[in-house]
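Trainee:
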Amino acid sequence: KIQQVIVLQQTRTKMEKDSSEYADIETKIAKVFDDLKKFEIRQLSEFALQQIGLYFAGTENPFLGVPYFDELLTRTNPEADPFKGAAEMDLGIIEMRSADTSKVQSSRERFRRIIAKYKDPTLVPAAHLNLAKLHIENKEWKDALEQLDIINKNKNFFKGERGKRAEAGFLL
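Heads up: the sequence shown is residues 42 to 213, going by my numbering.
Encoded structure:
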C-alpha cells in the first residue's frame, strides 16, 4: 500500500496543483491511508508507521498521526531505531501546537531528547529552533536566546536551508 502511495506521489509531482488530475491523485492517496488505518498498528512495519504518521501529521488534524509515532517509539527491535529520532521530532511538532500545557511540556522534553540522545544532524538544528519558539511563546527570553545563540554559532546548522537560518537570525 505504501508503495502505491509513493508511486502516486511521484505522479502527482508532474501535475498542476489546481488540476482535476491532481485532485484525483490526492483522493486516491487519502483512500490508501484510510485503508491503512484499518490495519492493527502493531502489525505495520516501521516504514509504514512513519509514512502513515507523516501523512496524518500533514492533515487538518495532525493528532491522528500520534498513535503511529508512539508505536515507533515503543518498539524495542533494532529495525525501529533509525525511525525514532524523526518520530520524536514529529510528535514534538504536533504537541507544541496543543493548547494542553502538559503536551507543550512534553514537546520541550522531546526536543531536548533529540539534541541529547539522537544527535542527528538533520534533526538537532530544528530541535533547537523549536525549543526557541516555545520559549519565545512563553516569554522565556533568556532560554530562547540560549537556543538561538547555539544555532547562530553553529554555522553547519541549516546549511542548506537559508530560510530556516534566516528565521533563527530574525528571532535572535
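For every residue, glycine included, the Cβ atom is placed at its ideal position computed from N, Cα and C.
What would DSSP say about Met56, mapped onto helix, strand or coil?
Mentor: In the displayed model, Met56 falls within coil according to three-state DSSP, outside both helix and strand.
Trainee: Going along the chain, which residues of its own chain have a beta-carbon closer than 6 Å to the beta-carbon of Ala168, five neighbours each way excluded?
Mentor: Phe152, Ile155, Ile156
Trainee: Apart from the five residues just before and just after Leu105, which ones in its own chain have a Cβ nearer than 6 Å to its Cβ?
Mentor: Phe97
Trainee: So which of Leu212, Gln45, Gly126 has the shortest CA-CA distance to Glu187?
Mentor: Leu212
Trainee: Please report the distance separating the alpha-carbon of Pro108 from that of Arg83.
Mentor: 10 Å
Trainee: Closer than 9 Å, CB to CB, is Leu212 near chain D or not?
Mentor: The structure shown contains no chain D, having only a single protein chain.
Trainee: Assuming the contact rule is C-beta atoms closer than 8 Å, Leu114 and Glu129 should be a hit. Round their C-beta distance to whole Å, please.
Mentor: 7 Å
Trainee: Who are the Cβ neighbours of Pro123 in its own chain at under 7 Å, not counting the five residues just before and after it?
Mentor: No residues qualify anywhere along the chain.
Trainee: From Arg116 to Leu189, what does the alpha carbon distance come to, in whole angstroms?
Mentor: Roughly 33 Å separates the two Cα atoms.
Trainee: In whole angstroms, give me the CA-to-CA distance for Val73 and Asn193.
Mentor: 42 Å
Trainee: Short check: CB of Pro103 to CB of Ile70, under 9 Å?
Mentor: no
Trainee: Start and end of the alpha helix (DSSP H) containing Tyr159?
Mentor: Tyr159 -> no alpha helix (DSSP H), and no H or E assigned at all.
Trainee: Over what stretch of residues does the alpha helix (DSSP H) that includes Phe110 continue unbroken?
Mentor: 107-115
Trainee: Would you mind reading off the limits of the alpha helix (DSSP H) that contains Asn102?
Mentor: Premise fails: Asn102 is in no alpha helix (DSSP H) and is neither H nor E.
Trainee: Going by beta carbon distance, what residues of the same chain come within less than 6 Å of Leu170, once the five residues before and after it are set aside?
Mentor: Ala209
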